[in-house]
Amino acid sequence: MSEEKDRLETIFKLQKGLSSMMKLDRYPKDSEGRISALCTAIMHEAVELQRTTNWKWWKTPVEFDEAEAREELIDIWHFVVQASLELKLTPDDILDEYKKKNEINRERQRTGY
Numbered sequence: 001m002s003e004e005k006d007r008l009e010t011i012f013k014l015q016k017g018l019s020s021m022m023k024l025d026r027y028p029k030d031s032e033g034r035i036s037a038l039c040t041a042i043m044h045e046a047v048e049l050q051r052t053t054n055w056k057w058w059k060t061p062v063e064f065d066e067a068e069a070r071e072e073l074i075d076i077w078h079f080v081v082q083a084s085l086e087l088k089l090t091p092d093d094i095l096d097e098y099k100k101k102n103e104i105n106r107e108r109q110r111t112g113y
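Residues 1 to 113 in this note's numbering are what the sequence shown spells out, letter by letter.
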């Protein structure tokens with residue numbers, strides 16, 4: 001577990017460092033506004049990730065670019081980590097919350113949710 005924790009803590013530290021470099025004059029000043037802005041960014045990055053796939057059944061498929069898909073997924077991670085920081089979640093909090101929700105989802109699968 002300590003190795004997993006260290007990796008997530010490293011990601012959080014890197015995100016904090018990146019955030020400290022950014023020009024944030026247009027970033028919302030209130031927590032709710034920041035979370036809303038981050039949700040919008042996550043949704044747009046998710047669309048960019050989806051665009052790397054051949055989801056358009058009416059279009060001739062092209063070769064899947066896994067490197068591009070990974071880059072878009074990491075963009076999502078940046079915004080998810082920033083939202084976690086905004087909500088004052090630590091890596092330990094995330095692991096705890098993930099475990100709770102994972103158990104709920106497992107129970108739902110067992111009971112035919």
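We put the beta carbon where it would ideally sit given N, CA and C, even for glycine.
query	result
Sequence-distant residues of its chain with Cβ nearer than 8 Å to E9 (five each side left out)	P91
Through-space distance from S31 to C39, alpha-carbon basis	12 Å
Short Cβ contact (8 Å threshold) for P28 with A37	yes
Range of the contiguous alpha helix (DSSP H) that encloses P91	91-110
Proximity of E86 and I11 at Cβ, strictly below 8 Å	no
V62 (DSSP reduced to helix, strand or coil)	coil
DSSP-derived helix/strand/coil call for T10	helix
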